[in-house]
Every structure is written in C-alpha cells, then in structure tokens.
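Please read the structure below before turning to the comments.
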Amino acid sequence: MLNLALARASGKYATAYDIDLVPYEFSFETHLRLAEESKSLLMSGYRINSNIEELENIEIVWEYMKRGNIAEEDLEEGCLKSQFFDRERFGVLPFFLRKELDRIGGWDERFMGWGAEDQDIIGRYLGDSRFLLKSPDLLYLHLNHGTSEGWNEKVLTKKNVHLYETKRMK
C-alpha cells in the first residue's frame, strides 16, 4: 500500500503517517519547515504514549502528553546504544524527499505487518550521505490501541526483524 501511494504522490515529500499519532501544536508545519532546511537531514520527532484511545477535542492534547510516557524507542538504553553504535535508525514520521524514495525503490514489500520496516526504509534512505535528526520541537501524541490480527503478531514481527538484520549484514 505504501508503494502504491508513493507511485501516486505528487508532492515534494512523502511520509508514512500513522493515524494513531496526533501532532502537538500543528507540528506538521514545523516538521515541513525543518525538512526544507537541509536536504542532508531526515527530520524526526518524539512520541508520547498515551493511555487514551481517542480525543474528545484537540485542545486537550497537551494535557494528555504531560501525563503520557516517552516511547521506549526514544529512551530505552539498548535502543539508544543500537542507534549510536550500530547506526540503526528509527524515527517518527520522517518527511522523505519523494524523488529519493523513488530512487531507492520505495518500501521493501517483503515486510509484512509491524516491525523493522521503518528502520529499513530510513537506513536505505539515509545511506552514508544523510543524517537522522530527532527534534524535541516535533511531538506526537500516540493514542493507545490494541494489537491487530495479521498485523503485529509476534511471528510476523520476528520474521521482519530477521529480514532487516539479514539485509543489514550485506
């Protein structure tokens, strides 16, 4: 689906927007301005996990963010070490240059369901000439949701992680 959407995209940037992420203070506009600042940077933000499943109104996003927790991927020491030393990249809603996504062949369709597909696309996109930059000015409230059959089952995630690690070894 991501590659179908990419083939039909006409804008300068493309992102795989997760519907369960709510931007704080119109961070999409800030995200776009930051993306425009440098072609060698891939801008990403931070997720604040929430225990709510839906919003009553947009004005209370900050209240939920203050009560939430920063996503594990942004804090957990093992994840940080793999980002620092193994160059494993993870980002929230990076705004990719669409022409560069086309150049690298878009998303790898061998990934099925949840897990490692975002690290793969970010790593291939960055290569050796770009850098991932996470900005605290880009905050997204991550709404709570359960698991989805056929999407984030452990067996699929395990296959995806194996595919990602195999590709990285080449």
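Numbering-wise, our numbering puts 8 at position 28 of the sequence shown, and it's gapless, one number per residue.
For glycine and all other residues, C-beta sits at the position ideal for the given N, C-alpha and C.
Note that the coordinates shown come from a computational prediction; the quantities given were computed from them, not determined experimentally.
So what's residue i in DSSP terms, helix, strand or just coil?
i, result
"MET(-19)", "coil"
"ASP108", "coil"
"GLY25", "strand"
"PHE8", "helix"
"ALA(-13)", "helix"
"HIS142", "helix"
"LYS114", "strand"
"ALA96", "coil"
"LEU136", "helix"
"TYR(-3)", "coil"
Assign residue i to one of two classes, buried (16 or more other C-beta atoms within 10 Å of its C-beta) or exposed (fewer than that).
i, result
"GLY71", "buried"
"ASN37", "exposed"
"VAL41", "buried"
"SER7", "buried"
In chain order, what residues of the same chain lie with their CB nearer than 6 Å to the CB of residue i, ignoring the 5 residues before and after it?
i, result
"ASP117", "THR10"
"LYS114", "SER24"
"ILE101", "TRP87"
"PHE91", "GLU97, ASN140"
"PHE111", "LEU21"
"ASP54", "TYR26"
Leaving out five residues on either side along the sequence, give the residues of the same chain with a beta carbon under 7 Å from the beta carbon of residue i.
i, result
"ASN124", "SER30, ASN31, ILE32, GLU33"
"ILE50", "TYR26, ILE28"
"GLY(-9)", "ARG78"
"ILE84", "ARG104, TYR105"
"SER109", "SER20"
Based on Cα-Cα distance, which residue from the options lies nearest to residue i?
i, options, result
"SER18", "TYR(-7), TYR26, ILE(-1), GLY95", "TYR(-7)"
"ARG69", "LEU(-18), ARG(-12), LEU106, SER20", "LEU106"
"ALA(-13)", "SER109, HIS122, ASP82", "ASP82"
"ALA15", "LEU119, PHE76, ASN49, LYS147", "PHE76"
"ILE(-1)", "GLY(-9), LEU35, ASN(-17), ARG13", "LEU35"
"GLN99", "ARG148, SER109, GLU129, ASP108", "ARG148"
"ASN(-17)", "TYR144, GLU145, GLU89, GLU39", "GLU89"
So, under 8 Å CB-CB, residue i and residue j are touching, yes? Tell me the CB distance rounded to an integer number of Å.
i, j, result
"THR(-5)", "PRO74", "6 Å"
"GLY103", "LEU136", "About 20 Å; that fails the 8 Å criterion."
"TYR4", "MET45", "6 Å"
"GLU52", "GLY93", "No, GLU52 and GLY93 are not in contact; Cβ-Cβ is about 19 Å, not under 8 Å."
Leaving out five residues before and five after residue i in sequence, what residues of the same chain have Cβ atoms less than 8 Å from its Cβ?
i, result
"ALA(-11)", "ARG78"
"LEU1", "ARG27, VAL72, LEU73, TYR120, LEU121, HIS122, LEU123"
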